[in-house]
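Reviewing the structure listed below.
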Amino acid sequence: MLMKIAAAAASVLIATSAFAADKVNVAKSYELKDGSTVYVFKDGKMAMENKAGEVVSMKEGHAMETKDGQKIMMKGNEVWRLDDALHHDRRGN
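Here the sequence shown stands for residues -20 to -1, 1 to 73, numbered as in mature numbering (1 follows the signal peptide of the UniProt record, and there is no 0).
This is the structure:
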């Protein structure tokens, strides 16, 4: 019984640290004119969340404009990575 409790505690610790590590990898976020948000990870790859809070796919090289008028180009398409970082608590882990 004690072994099962220790194993469960270890798995929770590993899952929590994996989530924290991915959240820490978000270096910057930009709000776009259409209400979407683009997240830039420390490795330079990006992912996008629409104004409804859903993680959406975006083609690499797509031009976007921030609320302040700055133009940025999409690099990468880290849909799963952003979904995991933003909505980890909805998975029941």
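In this text, a Cβ means the ideal position worked out from N, Cα and C, and glycines have one as well.
Quiz prompt | Test item: CB-CB of residue 7 and residue 62 under 7 Å | solution = No, the pair does not count as a contact, with Cβ atoms beyond the cut-off.
Exercise. Could you check the C-alpha separation between residue 19 and residue 10 for me, to the nearest Å?
Key: Residue 19 and residue 10 have their C-alpha atoms some 7 Å from each other.
Exercise. Apply the 10 Å Cβ neighbour rule to residue 40 and answer buried if 16 or more other Cβ atoms are within range, or exposed otherwise.
Key: Residue 40 should be labelled exposed.
Quiz item: Which same chain residues, not among the five before or five after residue 17, have their C-beta less than 6 Å away from its C-beta?
Solution: Close CB contacts of residue 17 within its chain, under the 6 Å cut and outside five residues either way in sequence, are with 9, 11, 29 (chain order).
Quiz item: Which residue from 66, 53, 65, 43 puts its Cα closest to that of residue 24?
Solution: For the options 66, 53, 65, 43, the alpha carbon positioned closest to that of residue 24 is the one of 53.
Quiz item: Hey, how far is the Cα of residue 45 from the Cα of residue 51?
Solution: Here the C-alpha atom of residue 45 lies approximately 5 Å from the C-alpha atom of residue 51.
Quiz item: Of the choices 15, 58, 49, whose alpha-carbon is the least far from that of residue 31?
Solution: That would be 15, whose Cα lies nearest to the Cα of residue 31.
Quiz prompt | Cβ shell of residue 35 (< 8 Å), same chain only, five flanking positions each side left out | solution = The answer, listed in chain order, is 27, 28, 29, 59, 62, 63, 66, 67.
Quiz prompt | Where residue 65 sits in the DSSP three-state scheme | solution = Note: residue 65 maps to helix in three-state DSSP.
Quiz item: With distances taken between CB atoms, is the gap from residue 55 to residue 13 smaller than 7 Å?
Solution: A distance of 7 Å or more separates the beta carbons of residue 55 and residue 13.
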